[in-house]
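Residue numbers (full-length UniProt numbering): 1 to 136.
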């Protein structure tokens, strides 16, 4: 089973621990909720933990595309999910390094209300997991 298959299985089974060996040493996670990426293994895996345990409901992949982006092995996984009662549709753009580990991960979702719902849920989860300081 290749990295993408293992990633897809881990996410669909909500197994955040199975994701750790799939990421490069210093991955970047580009999210629709902030301009700068989440960076570093601990933070990226923390974000995935929040997404899988606290944010997404009824998450499932519905398609896959493969190719290259800027000369890197790239895969697009198309997904559907529910966040706080809102139906969302999105894609995960995954770039692999030379060791077939995930080096960059970009998420794009629609509609705009889904981005807002995800942003609120992810922020609350990151604060609850102590990956971000609380605002107060």
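Ideal Cβ positions, reconstructed from N, Cα and C, are used throughout, including at glycine.
{"Check": "Answer yes or no: do residue 54 and residue 16 have a C-beta to C-beta separation smaller than 8 Å?", "Outcome": "no"}
{"Check": "Opposite residue 86 in the DSSP bridges: which residues?", "Outcome": "83"}
{"Check": "Which residue wins for smallest C-alpha separation from residue 22, given the options 111, 101 and 107?", "Outcome": "101"}
{"Check": "Counting pairs of beta carbons, one from the stretch 36-49 and one from the stretch 80-99, are three or more of them closer than 8 Å?", "Outcome": "no"}
{"Check": "Please go through the same chain and pick out, in chain order, the residues whose beta-carbon is closer than 6 Å to the beta-carbon of residue 66, but skip the five residues on each side of it.", "Outcome": "75"}
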